[in-house]
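Notes follow once the structure below has been shown.
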Amino acid sequence: MKKDVSFALNYALNKGFQIHPGALELLERIDINDLEMVIKQIVREKSIQKRFLINQDDLESFLGLKEDKKLDAEYRILFDPTSKITTAEGIDGYNAFFANRFQKLKKIISNRPEAKLLKTISSVIATKPKEDVYLCGLVNERRAERNITKLTLDDPTGSIETIIFDIDLQKKAEGLLIDQFVMAKINFGKNGGFIVKDIILPDIPEHTSNRSDTETYAVFLSDLHIGSMYFMEKELNDFISWLSSPDPIARKVRFILICGDLVDGVGIYPMQDKELVLIDIEEQLKKTVEILDKIPKHIKVFMFSGNHDPGRRALPQPAIPQKYNSDLWNRENFFMLGNPAMVSLNGVKVLAFHGQSIDDVVRTTPGLSFDKPAKVMRSLLQARHLSPIYGGQTPLAPEVEDMMVIDEVPDIFHAGHVHVVDLDLYRGILIVNSGAWQHQTPFQAGVGMMPTPGMAVLINLKTFKVWTKDFSSED
Ligand code: D5M
Ligand code: FE
Ligand code: ZN
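Shown next, in the form of structure tokens:
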């Protein structure tokens, strides 16, 4: 027996393990440099499972020699903005952009019975109807005054100022985002003025989600921030080694989705260079490839762009351009996508959006906070829009088509950006904010943001059972 294998054998025996002869034969074939890592990882995983025999099967799966052919791993890219970006210019560009937003959302809301009574804003202004009518508009202004709320709505025919008296409706109006699309029930009051009787959001109809036929797992990650001095390299590497371990769930993983901020980027925030260990984008992406290349090749890795990634800052964002790192684009198991994008994994539709607008929505809406991003994502689903507010911190490009409208109802809605793992289920849609792999930054500490980094979110695509696996506390 070779000396190096006897080390592995002794290590396992000392930990109370038996090694099957078939496993020993495989151990002898492992590169000496990897042997220690392999045996320690297997022992650690099997100790957790309390199974003290290491057999051939464990090693085959660890080494990626064995792939369960019974597990489906079929994917389709349903939407990617990368090749669709054709930004218009100036005022005309924005007019066209908001007109498209209005049309798309009006079409979505037209499925509701009330939509039969829809009138345009100009006709409501002209006819001053005493009976209830419905109109649609984008919220232009919302103003609370003593005990009433004034709401101004715009459609392509005009602009209307309305008044809300009802306390509950005023509360509902408080939660409306500027430039969000709404339908309002309205009449012309006795004392003059248009009175709001109801506010209706496009929302999600009750949804029965698509499921995978097999118990294939997808792992949801976000915000690696490679290049930052706070990037949790060891924890991410531990996660990646776990993928090759005999852990029964690891063996069923076929997809990984990384929801943006792969790298920390350069010049994203003032004084960022003081917090970088890799100071240019090429180096950061090279490191990214080095790390992600260790993911077993039978796992498909989908990477979406975030505000720290190169390409462009405004939404929708293209995929990280090939010119910065062609390896990211060359690997057979890597898929480079923009933001937002939609993929189907064994028939399960996943909407991926980095989540930039969460910042603006939290800042302008009472009752929402950074530590509960799933709640914010729920309100984006209700608005059927990923980034309603124009003119906040989130730059929006005046695309001819508003690609931030949630046209198609997803089965899973995945975001990141705020670095907090949070889950929710809304009308059959699984909402996942997948956290980060970056320690709390001084900025976040200064504003009291408490990230939950180093956690992988694992979803069984057949049962929608969710596991979070914490790598942050391991040594
Ligand atoms: O953003 C992570 C979170 O922290 C997100 O909610 C924005 C916020 N953040 C972080 N740094 C800043 C600065 N300098 N200004 C404003 N907001 C900030 P991420 O995109 O991962 O950096
Ligand atoms: Fe981030
Ligand atoms: Zn971000």
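Each position in the sequence shown, counted from 1, maps to that position plus 4 in the numbering used here. Where a beta carbon is used, it is the ideal one built from N, C-alpha and C, also for glycine.
- The nearest non-hydrogen atom of ligand 1 is less than 8 Å from the C-beta of D265.
- Here N191 is bridged, per DSSP, to I199.
- Distance from the CA atom of N191 to the CA atom of D375, rounded to whole angstroms, is 40 Å.
- Counting only runs of 3 or more residues that sit fully inside the segment 221 to 266, the beta strand (DSSP E) segments are 221 to 225, 257 to 262, in chain order.
- Going by DSSP, S51 is part of the alpha helix (DSSP H) stretching over 36 to 53.
- Measuring C-alpha to C-alpha distances from F357 to each of F308, K73, M459 identifies F308 as the nearest.
- The continuous beta strand (DSSP E) containing L349 extends over residues 345 to 349.
- Around the beta-carbon of I168, 16 or more other beta-carbon atoms lie within 10 Å, marking it buried.
- Cβ neighbours of V281 within its own chain (closer than 6 Å, five residues either side excluded): M233.
- Of the candidates F243, Q326, A119, A77, A77 places its Cα closest to the Cα of L465.
- Non-local beta-carbon contacts of S245 in its own chain, meaning distances under 6 Å to residues more than five positions away in sequence, involve Q45 in chain order.
- In this structure, the CA atom of D207 is about 24 Å from the CA atom of G342.
- By the CB criterion at 9 Å, G396 and T368 fall inside the cutoff.
- N14 is classed as exposed because its beta carbon has fewer than 16 other beta carbons within 10 Å across all chains shown.
- Rounded to whole angstroms, the separation of the alpha carbons of V409 and K108 is 7 Å.
- Contact between F417 and V436 is confirmed by a C-beta separation of about 7 Å, below the 8 Å threshold.
- At least one heavy atom of ligand 3 sits closer than 8 Å to the Cβ of Q360.
- Judged by DSSP secondary structure, D428 falls within the beta strand (DSSP E) whose first and last residues are 425 to 430.
- Under DSSP, Q174 shares a beta bridge with no residue.
- Remark: the shortest separation between the CB of N343 and any heavy atom of ligand 1 does not fall under 8 Å.
- Note: L57 is bridge-paired with Q22 in the DSSP secondary-structure output.
- With contacts defined as CB atoms closer than 9 Å, F101 and L400 qualify as a contacting pair.
- When DSSP states are grouped into helix, strand and coil, N437 belongs to the strand group.
- Here the alpha carbon of T153 sits roughly 6 Å from the alpha carbon of Q174.
- Per DSSP, A460 is one residue of the beta strand (DSSP E) stretching across 459 to 464.
- Of all C-beta pairs linking the segment 214 to 232 to the segment 258 to 270, three or more are shorter than 8 Å, placing the two stretches in contact.
- The C-alpha of G179 lies about 45 Å from the C-alpha of P300.
- Per DSSP, the beta bridge partners of Y138 are L122, K189.
- Assignment of I113 by DSSP, reduced to helix, strand and coil, places it in the helix class.
- The shortest CA-to-CA distance from Y273 to any of Q53, D313, V461 is the one to D313.
- Beta-bridge pairing by DSSP links A16 to no other residue.
- Rounded to the nearest whole angstrom, the C-alpha separation of V42 and Q360 is 39 Å.
- In the three-state reduction of the DSSP assignment, N329 falls in the coil class, being assigned neither a helical nor a strand state.
- Contact annotation: A387 and L139 have beta-carbon atoms that are not nearer than 9 Å.
- By the CB criterion at 9 Å, G310 and H421 fall inside the cutoff.
- Per the coordinates, the alpha-carbon of Q53 lies some 15 Å from the alpha-carbon of K473.
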